[in-house]
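Worksheet for the structure shown next.
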Amino acid sequence: MGELAEKLKGRSFVFFGGKGGTGKTTCAAAFALRASCDGRKTLIASTDPAHSLSDIFGVAIGPKERPISRGLYGIEIDPEEEAKKYITRVKEQMQGVVSSVIIQEIERQIDAAYLSPGSEEAATFDKFVELMDEAGNPYDLIVFDTAPTGHTLRLLTLPEILGAWMDSLIARRSRAVKLLRMASSGSRDDPIIKVLEKRKAGFEKARAILTDPSVTSFVFVINAEKLPIAETAKALFILRKYGIAADGIVINKVIPPEAGGLLEKRRAIQEKYLAEARTKFSGLWITEIPLLDTDVDGIEGLSKVATFL
Amino acid sequence: MKKAISFLKDVFSAILKAPAENAITRKEAFDANDNFFLILYGDLLGIPNPVSYYTLELLPYLAPEIEGWERRIQNRGSVIEEKAAQFNF
């Protein structure tokens, strides 16, 4: 055992994903703990709006990075907090340029954007990019404990979608600026295009990191059951479409042969799904974690799980 | 030097081009800019914009223009009227 940790040794960003309830947080936390014990400065970051990192480590982890144990740090990304920071920054920037009358007038615009459906996602994404940014990233490894599959896929494919949107905005603005210049009432350097281009560059960087298999890796946590296998197969397909590589499958809560009794029947069913998972995900590194006789709780419980990773 | 040349270019084109032609270009330019605003801040008019979060950071530059844009876009007449305005009758 210990294969997965060994194989993912060179990666800087490892994502744990999968269907809800399969034990993503447990596996991500155990993996991060193991990496930190191996001497790598590790950050575990939760992008799930319903965080459970604090619960599993038994310490309060908030929207600011904080140490959990030696060489291990944790953060729970809070979209509301991030959005607030962003909006404060915009307002500050406006102070110098725009008159206070206009600022009052557009407060409602700001509030509307704050409440719009995509904002939470965008705020999470921005923090996530900030964490991965090479220049400001002091960690050897960042482990992402992600939300259930759909939410995460959306987050990971955002750079591509937003990049296209930025392109069209830049094209439109360029046309307007060009026409204004022809009517000789526009300036040559347009700050709007600069801002848009900076955003675009940010998205491109995020995309470059996410699609580089030597830096980023994706691990799916499943159980030997029908739905997690089906959902993961779909997720793998979508990720591949966006050029994001998945390397590992962790099959969690595998009932060991010596279980006996009531579990014997379940084990027979499970065998079928294990076989299915092994053929479906044959290109990936498959790791199995047995169903434990205790609850996984705190660092002690996690180190027990970590021995299987 | 480059700046000076481009400035002269602007000056000469403004003098030499027929004023009517210039007015058409200007109208077209303003229309293009208004359309750009529509995509950025359409949610002010009730058109949902899933990425309005990212348009916020443009506000420091565009805020002064928003009020005028809103007035224009809400007072728009018919399409024919719009098009007719582009020509100097």
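These protein sequence lines are chains A and B, in that order. Quick note on numbering: this note's numbering labels position 236 of the first sequence as 236, and the sequence is numbered without any gaps. Add 1000 to the 1-based position in the second sequence for this note's numbering, that's all there is to it. Glycine included, every Cβ here is placed at the ideal spot set by N, Cα and C.
Let me know if L1045 (chain B) comes out buried or exposed under the rule of 16 or more other beta-carbons within 10 Å of its beta-carbon.
The residue is exposed, with fewer than 16 neighbouring Cβ atoms inside 10 Å.
By DSSP, does N223 (chain A) sit in helix, in strand, or in coil?
The answer is strand: DSSP assigns N223 (chain A) an E or B state.
Give me the subset of the segment 187 to 216 of chain A whose CB atoms are less than 7 Å from a CB atom of chain B, sorted by chain position.
Hits within the stretch, in order: R188, P191, I192, V195, R199.
Could you check where the beta strand (DSSP E) with V101 (chain A) kicks off and where it finishes?
Here V101 (chain A) belongs to no beta strand (DSSP E); instead the alpha helix (DSSP H) covers 100 to 115.
Which residues does DSSP pair with N1033 (chain B) in a beta bridge?
Paired residue(s): none; N1033 (chain B) is not in a bridge.
Which residues mark the beginning and the end of the beta strand (DSSP E) in which L43 (chain A) is found?
Counting along the chain, the beta strand (DSSP E) containing L43 (chain A) begins and ends at 42 to 46.
At what residue ranges does the segment 177 to 262 of chain A contain a whole run of the beta strand (DSSP E), taking only runs of 3 or more?
Entirely contained in the segment 177 to 262 of chain A, the beta strand (DSSP E) runs reaching 3 residues are, in chain order, 216 to 223, 246 to 254.
For N1075 (chain B), does the count of other Cβ atoms within 10 angstroms reach 16, so buried, or fall short, so exposed?
Classification of N1075 (chain B): exposed, given that the 10 Å Cβ count is below 16.
Under a CB-based cut-off of 9 Å, is M94 (chain A) close to chain B?
Chain B, which has a Cβ nearer than 9 Å to the Cβ of M94 (chain A), makes this yes.
If we define contact as Cβ-Cβ less than 9 Å, is G163 (chain A) a contact residue for chain B?
No, G163 (chain A) lies away from the interface with chain B (no Cβ there is under 9 Å from its Cβ).
Determine the DSSP secondary structure at L331 (chain A), reduced to helix, strand or coil.
Not covered by the structure: residue 331 (chain A). The range shown for chain A is 1 to 309.
Would M1 (chain A) pass as an interface residue toward chain B - the criterion being a Cβ-Cβ separation below 9 Å?
Here the model assigns M1 (chain A) a pLDDT of 47, short of 50, so the residue's position is not dependable and the matter cannot be decided.
Kindly indicate if chain A contains any beta-carbon less than 9 Å away from that of N1022 (chain B).
Closer than 9 Å to some Cβ of chain A, the Cβ of N1022 (chain B) qualifies, so yes.
Let me know if F1007 (chain B) comes out buried or exposed under the rule of 16 or more other beta-carbons within 10 Å of its beta-carbon.
Answer is exposed; the Cβ neighbour count stays below 16.
My assumption, with CB atoms under 8 Å, is that P256 (chain A) sits in contact with P290 (chain A). Please give the rounded CB distance.
Yes, P256 (chain A) and P290 (chain A) are in contact; Cβ-Cβ is about 5 Å, under 8 Å.
CB-CB under 6 Å to G58 (chain A), same chain, minus the five flanking residues each way: which ones, in chain order?
Closer than 6 Å at the Cβ level, and outside the excluded window around G58 (chain A), lie G298.
What first and last residue would you give for the beta strand (DSSP E) that runs through S69 (chain A)?
Unbroken beta strand (DSSP E) run through S69 (chain A): 66 to 69.
Should the segment 41 to 49 of chain A be regarded as contacting the segment 76 to 83 of chain A, the criterion being three or more beta carbon pairs within less than 8 Å?
Short answer: they touch.
Could you round the C-beta distance between A277 (chain A) and I238 (chain A) to whole angstroms and report it? I think they count as a contact, below 8 Å.
Contact doesn't hold; Cβ gap of about 18 Å is too wide.
Just the C-alpha distance for I209 (chain A) and G96 (chain A), rounded to the nearest angstrom, thanks.
Near 35 Å, if we compare the C-alpha coordinates of G96 (chain A) and I209 (chain A).
Could you have a look at V129 (chain A) and say whether DSSP puts it in helix, strand or coil?
Residue state, collapsed to three classes: helix.
Using 9 Å as the threshold, is the C-beta distance between A183 (chain A) and N1022 (chain B) below it?
In this structure, N1022 (chain B) lies closer than 9 Å to A183 (chain A) by Cβ.
Is the CB of I1066 (chain B) under 9 Å away from at least one CB in chain A?
Yes - at least one Cβ of chain A is within 9 Å of the one on I1066 (chain B).
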